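> In this note's numbering, the protein residues as written are 638 to 708. Mind having a look at this structure? Questions to follow.
Right, dumping it as C-alpha cells:
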C-alpha cells in the first residue's frame, strides 16, 4: 500500500518538475531568440539592402523596450 502511494506521489512530483522544465526552457528560448536572432536578422536585412523593412522593426522594438523599462 505504501509502495503504491509512493509511486503515485513520485509521478505527481516528477510531472510537476517536467512541466517546470518545459516552462523554463521556453523562457530561455524566448530570451535567446530576442537577444541573438533579432539583431542578426536586422543586420542581415540592412546588408541585403532592405533598410526600409529593418528600420521600422528597429523602431518598434526600441519603443516597446522603452515602455517596458518605464513600467
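Don't be surprised by glycine CBs; every beta carbon is placed ideally from N, CA and C. The model shown is predicted, which means the values in this text are computed figures rather than measured ones.
Helix, strand or coil for residue 686? Go by DSSP, reduced to three states.
coil
> So residue 696 and residue 690 are supposed to be a Cβ contact under 8 Å. How far apart are they, rounded?
Actually they are not in contact, since the Cβ atoms of residue 696 and residue 690 sit about 11 Å apart, beyond 8 Å.
> Thinking C-beta only, is residue 677 closer than 8 Å to residue 694?
Against a cut-off of 8 Å, the Cβ pair of residue 677 and residue 694 comes out as no contact.
> Reducing DSSP to helix, strand and coil, say where residue 711 ends up.
In the structure as shown, the chain starts at 638 and stops at 708, and residue 711 therefore has no counterpart that could be examined.
> Under 8 Å by Cβ, that's how I've got residue 675 and residue 700 pegged, so tell me the actual separation to the nearest angstrom.
About 14 Å separates the beta carbons of residue 675 and residue 700, which is beyond the 8 Å limit, so they are not a contact pair.
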